[in-house]
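Here's the structure we're looking at; comments come further down.
There are 2 protein chains.
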Amino acid sequence: MDFLNTYLIYLIPVFGLIGILFMITKSAWVTAQPTGDASMNELAGYIADGAMAFLRAEWKVLGYFVVVAAILLAWSGTTVETSSPVIAGSFIVGAFLSAFAGYLGMRIATKSNVRTTQAAKTSLAQALKVSFTGGTVMGLGVAGLAIIGLGSLFILFYTMYVVNTGGSVNGEAMAKALDVLAGFSLGAESIALFARVGGGIYTKAADVGADLVGKVEAGIPEDDVRNPATIADNVGDNVGDVAGMGADLFGSYVATMLATMVLGREIVSHDAMGGIAPVLLPMVIAGLGLIFSIVGASFVKIKEETDSVQNALNIGNWASIILTAIATYFVVQWMLPNDTMHLTRDLDANGVLKEGSLVFTKNGVFGSIVVGLVVGTLMSIITEYYTAMGKRPVLSIIKQSSTGHATNIIGGLAVGMESTVLPILVLAAGIYGSYFFAGLYGVAIAAAGMMATTAMQLAIDAFGPIADNAGGIAEMSQLPPEVRHRTDNLDAVGNTTAATGKGFAIASAALTSLALFAAFVGVAGIEHIDIYKANVLAGLFVGGMIPFIFSALCISAVGRAAMAMVEEVRRQFREIPGIMEYKARPEYEKCVEISTKASIREMVAPGLIALITPIIVGFIFGPEVLGGLLAGVTVSGVLMGIFQSNAGGAWDNAKKSFEKGVEINGEMFYKKSEPHKASVTGDTVGDPFKDTSGPSMNILIKLMSIVSLVIAPHLNSAVNNSAHLQKEIKVQSMNVHTIKIEKKV
Amino acid sequence: MDFLNTYLIYLIPVFGLIGILFMITKSAWVTAQPTGDASMNELAGYIADGAMAFLRAEWKVLGYFVVVAAILLAWSGTTVETSSPVIAGSFIVGAFLSAFAGYLGMRIATKSNVRTTQAAKTSLAQALKVSFTGGTVMGLGVAGLAIIGLGSLFILFYTMYVVNTGGSVNGEAMAKALDVLAGFSLGAESIALFARVGGGIYTKAADVGADLVGKVEAGIPEDDVRNPATIADNVGDNVGDVAGMGADLFGSYVATMLATMVLGREIVSHDAMGGIAPVLLPMVIAGLGLIFSIVGASFVKIKEETDSVQNALNIGNWASIILTAIATYFVVQWMLPNDTMHLTRDLDANGVLKEGSLVFTKNGVFGSIVVGLVVGTLMSIITEYYTAMGKRPVLSIIKQSSTGHATNIIGGLAVGMESTVLPILVLAAGIYGSYFFAGLYGVAIAAAGMMATTAMQLAIDAFGPIADNAGGIAEMSQLPPEVRHRTDNLDAVGNTTAATGKGFAIASAALTSLALFAAFVGVAGIEHIDIYKANVLAGLFVGGMIPFIFSALCISAVGRAAMAMVEEVRRQFREIPGIMEYKARPEYEKCVEISTKASIREMVAPGLIALITPIIVGFIFGPEVLGGLLAGVTVSGVLMGIFQSNAGGAWDNAKKSFEKGVEINGEMFYKKSEPHKASVTGDTVGDPFKDTSGPSMNILIKLMSIVSLVIAPHLNSAVNNSAHLQKEIKVQSMNVHTIKIEKKV
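In the order they appear, the protein sequences are chains A and B.
Residue 63 is where the first sequence starts when you use the working numbering, and the numbers rise one by one after that.
Residue 63 is where the second sequence starts when you use the working numbering, and the numbers rise one by one after that.
Spelled out as structure tokens, the structure:
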């Protein structure tokens, strides 16, 4: 036990390594699976090539961004005492690992897709095994890399700035270590935003384009090999729903842990780890979550063709969550001290707790974690209700489709807006509850707890696009229908789980933002952010507007790119004779190129808005106004995120319902009927909502908060005023440091 | 001058009376105009009957509400010292006058419509004169009643609570007078919300229903006498765009004045009116605005058929604004004192100004008013850009229509979301600017200044629906095409001005909310509303969600009612032979009944949400959380209001552009083409956005703020704790009061 106490900090990256090892093993298993016939492999090859082409183009642009940002961060790090140019280094590491996580996901997905198709020739159980294992590789890769990265860098910075200077684990030294570590999170979230937006635009432009011409005009089914946009559509599943999502969750995972660590520094804890238990706890919980995700994944299997895939996934998911929660209880009991805890910001100048301050115990911390899990679960259930086939909201959209396109749209928008009520009430209750149990630290650790089983969540989220691709390959290779039925089964389940995953993500974004908020306020040295002050309210308005312009840019990008796609497809049908008769091969590459160029070009503006706005507002108008801005972005972003994701999901399933036939006012309607056409319109409108704009909201929120946190020292007038004085101290401490090193040697 | 100084307070209602006198004169003129032939009058009769039927049904429901609310207010008024049961009385007066203003508007509109049609047989100039005079009657009625009501009640309560008790004009006595006066505003805004929502649902259900079947299915033009929904559609113009808008602006006008008066109480002013100049100023400015609206209206005329109606309206509008601004300068110079002013809340316990407090001069006050006018003007310009034919946003929607319904919708949503950027930046700048010049009082009076020329604004807004009705009557009576051309010309201009009017309304709602906010904070006795406190952030989230559920209820109500309308129209076409051949008369009344029932039923839930939420949150969670809620509602409501109104306006004009033909990629498209059909879908979706949900946002915001202000004394723990002590004081002061009366006699 003593060994564990002393060396826990070094064990954290070991959790990550375990994850990577399992990832490698499972990846090898997938690669060893049979890949099917030549035609299948040719198509899989096109898809893989298209995906790599996109990633390369994206990395080129992101490379410039990372260099510029790193230079700025390095400069920023030298000008305040509470930071260091090393932050540029941790930024680069974070950006690199986030991009790498996306790359790994895309590689495994483009291997798993065709192997899933091949497996679907055998049985549903085998298809599930291949696709889900592929998803697990993605999940373990993301979680493993995140824990290794964050854990290792923490060891490094903790040693550099706290241990080697003899600094206090609750004081300036630790604050500096965590500020530099925040660079890692900043790098991860920046790449996440570009990847999610870029990937999202790509996938929807191709999807919308392929649908509009294929289904509506040429009358050929989705994924028909004659549709020039079909390869781009399948590539899109990989770059958007896999690579983009991988970077997204990598960034979120890291951000929630970081926020908790920053607040944890403010807890003076007489624990067995030398006082850093509150800082280590989130990473330990994440490590446990990874281990139990591996365990839970082993429960995901079915036997018969008629077994429920959804149930299998749910069992795996619940097993991971419950096991993690139980293990967390014991870990909390062990790590945290027995006495009551509080945040140092609640002490007055004499070191006495201010009146009305919240004190909490380790049981309270566990209580907050439980609140987080309850909130996440409720969010998933609510999201499922609003987007599931056969439930009232989707049924209402179907009914509205009977009177035309416009009423379908009105119905979907109404469902989306209404679907914000319960999640927001749950979120508000969650904020109250987690705060009640353990104050701001409780809110932060509730969010971290929600994200603990990210590996499992990602496995569940990623297996859907793999199955979607597998179905596309089956269709294009004209395999027997039962193959397509099996992949469709998996795809449908994948859509539902994707929606619930988004619910989790937006809830954790809201809680994490409050934590980052609180951290920001502490570092910026402000006491109050009063909303009825004119300048703060102005900031609140501008912040609220940011998700609107962000969404506008995303969805109009999709609209424009889709139009270009439609026109290219129409051109090919016009100018290449014989496509419809299977006599000529469509020019798939041209469509891939359109999507690639459009998405790379269009992702820049939204990304820059997210990064630059906090900097401008913070430096010109000050930290209180920036606080107002962040609050505005958070509230507006959460609402828009829920609204758009749920509206999109509901429209999608309203359209899907026609595949089996729906009854409206006693009459049955199937595909190609007028109501179905109206529902296709709704689905097309919902696409950019649910796959581009909606899921980007939670990254937008966190990224702007992290940027604010990183620049906060510059905004702290106290820090700046005493910069000159601190330079003196720095010189002296450097001498001390030098002496120390000499002694050690 | 001395006379004016002493009796200015009594002169305020005189402004209102002048307005009423002019209203009566112009109304008589309109009534004297020729009404046309029997068929025209029959149709006008149906429309008038349908409108009255709606209003009667609405009043019945509102009657119950007013009684219940008055009882609650009376009870509330007895339980705190800072209020009085008389508040129930001023509430009833406010509700009554708001409803009466709507009624007056509807009466004059249903007289003006057919007389405008008759005038359009002669010339465009005559048609404009009749329709605009009708609008002026509406405007003067609303503004006149508001000023009479607010002014008279202020005289009454000022006398009762301040003069007769010898209380201070800046102290508790005046606070009580203004709290009771707030009941008037509460009554006005409550009725405004129900009227705008109910009327909005009515008009859009009928409009959508008539369009869907008429244009799309039966292929008959809008306003064809064979369309069973056409009468309901025309009634809708009256109950939604006239009566609903009348109540809306009545409520807003009063709310902005009240908010300024409440803050004005905190200015210790050594002026010539006994210290109440800051409290009187907003009403005086409103009075000036009314007078100069009358003047400006006289400039609105054209000569030739080809003269620009838009220019004529602009000249009248600008004349009113500029003359009011000039007069306001002199009034401010006269009324306000020469020394610097500040709010009493910025004094510390020793009566010394706290550090960093804002002091201002009367020139500063005028500066704030100018800022308000600049903000309003910029908002109008920006709104016009986003919704006008031939400009980039509308053109982009037209282009997107060429690839189908879905891309048209995506385009419109993107335009709507993008259109929030500039207005929000202008608003933020306006908040900063008006605050810089005169603090919170400046923000409030900037909003009041924006609303000063409400009479003119309303005249411009109301003439559009009158012209719309006139066109409908011309069509249904099958008058010669040049009659319809003239009314269409007026209608098109009316649509544009309606959009800009909404821009003004939402801007003033934002500023007024900040003022009401500030007033609320003062009355509730709280010092800080910190957004990074967990409970306040929870309130912020819930507040942000309210406009979403409100919009969902509004637009799904329209969707459901429109579906019922469509099914009824389809039924009539099926079951009544000969309609299309002009052989049978459609059953107009059935459609009118559907719209009436649906809108009355559906307006209740949104209205109750607006009223009850602040009460629940305030009493259960306390005033800080309620403050967070209000901030959330305001930011989210302003954004949703701008988004929805502009998206709806842009979709509308995208559709209208096809009437003259549009060029897309070198090809011309006209009505009935595929792109046009897609644009009809967008217009239909945008209808509930721009006429039901969008315009209700600003009332929602203000109403919730006023409710909070009214219940604030109950939430003030200081007030409640000393309630027992204050009962003692009350008894004693009552005795003093009695003695005073005896002495007077």
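From the three backbone atoms N, C-alpha and C, an ideal C-beta is built for every residue, glycine too.
Which value, in whole angstroms, describes the spacing of the CA atoms of residue i and residue j?
i      : j      : result
A/I71  : A/G213 : 8 Å
B/I609 : B/L124 : Residue identity check: residue 609 of chain B is Pro in the sequence provided, not Ile. The alpha-carbon atoms of B/P609 and B/L124 are separated by roughly 22 Å.
A/H786 : A/D530 : With a pLDDT of 42 at A/H786, under the threshold of 50, the modelled position of that residue is not reliable, and the figure given next carries that caveat. In a straight line, the C-alpha of A/H786 is about 60 Å away from that of A/D530.
A/N175 : A/F751 : 25 Å
B/I377 : B/M627 : 41 Å
B/F681 : A/G492 : 20 Å
B/P290 : B/G313 : 34 Å
A/D64  : A/V341 : 19 Å
A/F361 : A/I535 : 28 Å
A/I773 : A/S145 : 10 Å
A/F77  : A/T87  : 16 Å
A/N379 : A/S755 : 26 Å
By the three-class DSSP mapping on this structure, what secondary structure does residue i have?
i      : result
A/V176 : helix
A/D550 : helix
B/L375 : helix
B/L578 : helix
B/D592 : strand
A/I641 : coil
A/I431 : helix
B/Q794 : Low per-residue confidence applies at B/Q794: pLDDT is 44, beneath 50, and the placement is therefore not dependable, though the value from the model is reported in the following sentence. B/Q794 falls in the helix class under three-state DSSP.
B/M403 : strand
A/I347 : helix
Hey, quick one: how far does the beta strand (DSSP E) through residue i stretch, first residue to last?
i      : result
A/M200 : No beta strand (DSSP E) holds A/M200; the alpha helix (DSSP H) holding it covers 186–219.
B/F731 : 729–731
A/F726 : Sequence inspection shows Ile at residue 726 of chain A; the Phe mentioned does not correspond to that position. That run of the beta strand (DSSP E) goes 724–726.
Taking 8 Å as the CB-CB limit, is residue i close to chain A?
i      : result
B/N597 : yes
B/P685 : no
B/V437 : no
B/S817 : One cannot answer for residue 817 of chain B here, as it falls past the ends of chain B, which runs 63 to 807.
B/Q395 : no
B/G694 : yes
B/L134 : no
B/A536 : no
B/F681 : no
B/V323 : Residue 323 of chain B is actually Met in this sequence, not Val. So no, B/M323 is outside the interface.
Since residue i is in the alpha helix (DSSP H), which residue starts that stretch and which ends it?
i      : result
A/I535 : 516–538
A/V324 : 307–326
B/G249 : 234–272
B/K453 : Unbroken run through B/K453: none, as it is neither H nor E.
A/L144 : Per the sequence shown, the amino acid found at residue 144 of chain A is Thr instead of Leu. Looking at the DSSP string, A/T144 is not in any alpha helix (DSSP H), and its letter there is neither H nor E.
B/S661 : 650–683
B/D749 : 736–750
Does the ligand GDP have a heavy atom nearer than 7 Å to the CB of residue i?
i      : result
A/S370 : This structure lacks the ligand GDP, and indeed carries no ligand of any kind.
* Segment contact flag, the segment 290–309 of chain A with the segment 103–123 of chain A, C-beta cutoff 8 Å, min 3 pairs -> yes
* Asked: Between the segment 666–676 of chain B and the segment 266–286 of chain B, do three or more beta carbon pairs fall short of 8 Å?
  -> no
* Asked: Is the segment 259–274 of chain A close to the segment 227–234 of chain A, with three or more CB pairs under 8 Å?
  -> no
* Answer yes if the segment 701–710 of chain A comes into contact with the segment 466–482 of chain A, meaning at least three C-beta pairs across the two stretches below 8 Å, and no otherwise. => yes
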